[in-house]
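Chemist: Every position in the sequence shown, counted from 1, becomes a number in the numbering used here once 3 is added.
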Amino acid sequence: MDHAELSTEQVLRRDIPWETYMTTKLISGTGLQLLRRYDKKPESYKAQLLEDDGPAYVRVFVSILRDIFKEETVEYILALIDEMLTGRLLWKGNWFVQEKSCKILSLVVSARPKSSDAIVANGEASNSKKAATTIDDVLKGVVDWLCAQLKKPSHPSRGVPTAVNCLAALLKEPVVRSSFVQADGVKLLIPLISPASTQQSIQLLYETCLCVWLLTYYEPAIEYLATSRCLPRLIEVVKSSTKEKVVRVVVLTLRNLLPKGTFGAQMVDLGLLQVVQSLKSQAWSDEDLLEALNHLEDGLKDSIKKLSSFDKYKQEVLLGHLDWSPMHKDPLFWRENITSFEENDFQILRVLITILDTSSDPRTLAVACYDLSQFIQNHPAGRIIVTDLKAKERVMKLMNHESPEVTKNALLCIQRLFLGAKYASFLQA
């Protein structure tokens, strides 16, 4: 029969010579006893065995997948796993059986060796392509079940922790990462990234962050993370957590994300550099964590240098949303880029002045006033140009704004406009 047409039921009808494998020392005497108790038994009996002695069966399954490459035997073990999932064990209403079955399968899959086609000790050529296909099918079923638990848990308190625990073991597998992203699972993890206090919630947070860290090694997942609110949540966690293992996995995650897309710019805007420097001052015992913090600090400093460019500034002004990103208060940025404001008949300066009329956001208005004061201070003809563009009246209106941040920077701008940079700086001091 064509192996592609084999069903789980057909494979499970086989009689596997477990005793022969023990004779050739491919399985142990204990392994043989466990297999005899489990093989060809009713489902309810198998479920009880998994409940009583689950870890032992994990070790047996792993050892068989590691040491035995005879095609029929590998298929048989995979069929037992498939039965556990898609057949009559995992999908029944008994939550305990569902939970233990899924955890056992996760351990089996995550622990199995990654082997290539080879001639092995028992003289049979392995066919890893067929075996991998079978495993992939099983794992896709697992991922669907885990995502369902994250969306609508079967158990009110253990459904989500069980799903996250299994994903932390399984997301090392490329097919699991792919299936998880395709199932839109990434967004289901994000709400779980929040500061934790109890032991149980800390463990859930740690395993959730571990999942995100594993996903940072998969480009399509990074695209999903970029459009989520994962970054502010991760930074909030690392700021407040005192658990070293949580801090380590979050820092390693941030280190992986730093060079990807716009993550570096976002990290700078969210003040991560200050957080990292604060973390470095604490006493950590983990050398990997200390190394990652140093790497992250250096990377963030490089990002700040790259961000302090006129192109980045133009983008921010043209979008009309200004914030206190590092370039605004960087004297070097203004000295190096002041002549760039002359491009296209002072286009960016004109947009900056227009923002004073059109924006209702206090932070944007405050930054715009501050930037105008910087232009006046750094450009040789700054006062004349800003006056000609009718900025004075607009800034003066903002001196009565309800936001102290706006009035403070509007006052600074007017001082520099009326008094010149030298005297305004004296008054400000």
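All C-beta atoms, glycine included, are put in the ideal place defined by N, C-alpha and C.
Do Cys105 and Val141 have their C-beta atoms closer together than 8 Å?
Modeler: No, the Cβ-Cβ distance between Cys105 and Val141 is not below 8 Å.
Chemist: Find out if the Cβ-Cβ distance for the pair Leu192, Cys214 is shorter than 8 Å.
Modeler: In contact: Leu192 and Cys214 (Cβ atoms closer than 8 Å).
Chemist: Of the residues Ser281, Asp305 and Asp289, which one's Cα is nearest the Cα of Pro262?
Modeler: Selected option, being the one with the closest Cα: Asp305.
Chemist: Give the range of the alpha helix (DSSP H) segment to which Phe421 is assigned.
Modeler: Note, Phe421: alpha helix (DSSP H), Pro407 to Leu422.
Chemist: Could you give the first and the last residue of the continuous alpha helix (DSSP H) run that contains Leu261?
Modeler: Per DSSP, Leu261 belongs to no alpha helix (DSSP H) and is neither H nor E.
Chemist: Would the segment 355-362 and the segment 327-341 be scored as touching if the rule is three or more Cβ pairs under 8 Å?
Modeler: Cβ pair count under 8 Å is below three, so no.
Chemist: Would Gly264 be called buried (16 or more neighbouring beta carbons within 10 Å of its own) or exposed?
Modeler: Answer is exposed; the Cβ neighbour count stays below 16.
Chemist: Which term fits Gln318, buried or exposed, when burial requires 16 or more other beta carbons within 10 angstroms of its beta carbon?
Modeler: It is exposed - the Cβ of Gln318 has fewer than 16 other Cβ atoms within 10 Å.
Chemist: Going by beta carbon distance, what residues of the same chain come within less than 6 Å of Leu195, once the five residues before and after it are set aside?
Modeler: Correct list, in chain order: Thr211.
Chemist: Which value, in whole angstroms, describes the spacing of the CA atoms of Glu64 and Leu83?
Modeler: According to the sequence as given, residue 64 is Phe; it is not Glu. Roughly 10 Å between the two C-alpha positions.
Chemist: Give the secondary structure of Gln13 by DSSP, where H, G and I count as helix, E and B as strand, and everything else as coil.
Modeler: Gln13: helix per DSSP, three-state reduction.
Chemist: Can you list, in chain order, the residues of its chain whose CB lies under 6 Å from that of Leu29, leaving out five sequence neighbours each side?
Modeler: Closer than 6 Å at the Cβ level, and outside the excluded window around Leu29, lie Asp70 and Ile71.
Chemist: Going by the beta-carbon positions, is the gap between Tyr220 and Val184 smaller than 8 Å?
Modeler: Going by C-beta atoms, Tyr220 is not nearer than 8 Å to Val184.
Chemist: Would you please state the rounded distance, in angstroms, between the beta carbons of Tyr209 and Lys175? I believe it to be under 8 Å.
Modeler: That pair is no contact at about 16 Å.
Chemist: Could you tell me the alpha carbon to alpha carbon distance between Ser157 and Tyr373, rounded to whole angstroms?
Modeler: Cα-Cα distance, rounded: 55 Å.
Chemist: So, Ala369 versus Asn412, is the Cβ gap smaller than 8 Å?
Modeler: Against a cut-off of 8 Å, the Cβ pair of Asn412 and Ala369 comes out as a contact.
Chemist: Quick one, are the C-beta atoms of Leu325 and Arg366 less than 8 Å apart?
Modeler: In this structure, Arg366 lies closer than 8 Å to Leu325 by Cβ.
Chemist: Do Phe344 and His382 have their CB atoms nearer than 8 Å?
Modeler: Contact: yes.
Chemist: Please check the pair Lys246 and Val278, which I expect to be a contact at CB under 8 Å, by giving their CB distance rounded to whole angstroms.
Modeler: Rounded, the Cβ-Cβ distance is 16 Å, inconsistent with contact.
Chemist: Is DSSP giving His158 helix, strand or coil here?
Modeler: His158: coil per DSSP, three-state reduction.
Chemist: Please list the segments of the alpha helix (DSSP H) lying wholly inside the segment 12-91, counting only runs of 4 or more residues, in order along the chain.
Modeler: Those alpha helix (DSSP H) runs which fall completely within the segment 12-91 and span 4+ residues are 21-26, 32-41, 46-70 and 74-89.
Chemist: Could you pull out every residue in the same chain whose Cβ sits closer than 8 Å to the Cβ of Val189, ignoring the five residues on either side in sequence?
Modeler: Correct list, in chain order: Phe183, Leu218, Ala224, Tyr227, Leu228 and Ser231.
Chemist: So the alpha helix (DSSP H) Asp391 belongs to, where does it begin and stop?
Modeler: Here the alpha helix (DSSP H) through Asp391 covers Gly385 to Asp391.
Chemist: Using alpha carbons as the reference points, say which of Gln51, Tyr79 and Ile351 lies closest to Ser10.
Modeler: Taking only the C-alpha atoms, the option nearest Ser10 is Tyr79.
Chemist: Contact defined as beta carbons within less than 8 Å: I believe Ile66 pairs with Gly34. What is the distance between those atoms, to the nearest angstrom?
Modeler: Looking at the sequence shown, residue 66 is not Ile but Ser. Yes, they are in contact, since the Cβ atoms of Ser66 and Gly34 sit about 6 Å apart, within 8 Å.
Chemist: Mind checking which residues open and close the alpha helix (DSSP H) that includes Ala369?
Modeler: Note, Ala369: alpha helix (DSSP H), Pro365 to Asn381.
Chemist: Quick check on Tyr60: buried or exposed, where buried means 16 or more other Cβ atoms within 10 Å of its Cβ?
Modeler: Label assigned to Tyr60: buried.
Chemist: Grouping DSSP H, G and I as helix and E and B as strand, with all else coil, what is Pro177?
Modeler: Three-state DSSP puts Pro177 in a helix.
Chemist: Using alpha carbons as the reference points, say which of Ala384, Leu420 and Val409 lies closest to Lys395.
Modeler: When only C-alpha atoms are compared, the closest one is Leu420.
Chemist: Roughly how many angstroms lie between the CA atoms of Thr76 and Asp18, to the nearest whole one?
Modeler: Computed Cα separation, rounded: 9 Å.
Chemist: Would Thr433 be called buried (16 or more neighbouring beta carbons within 10 Å of its own) or exposed?
Modeler: Outside the shown range of the chain, which is 4 to 432, sits residue 433, and nothing can be said about it.
Chemist: Count the other CB atoms within 10 Å of the CB of Leu415; is the residue buried (16 or more) or exposed (fewer)?
Modeler: Per the 10 Å Cβ criterion, buried.
Chemist: Whole angstroms is fine: what's the gap from Lys308's alpha carbon to Arg161's?
Modeler: So the alpha carbons of these two residues sit roughly 46 Å apart.
Chemist: To the nearest angstrom, how far is the alpha carbon of Met399 from that of Met270?
Modeler: Roughly 35 Å separates the two Cα atoms.
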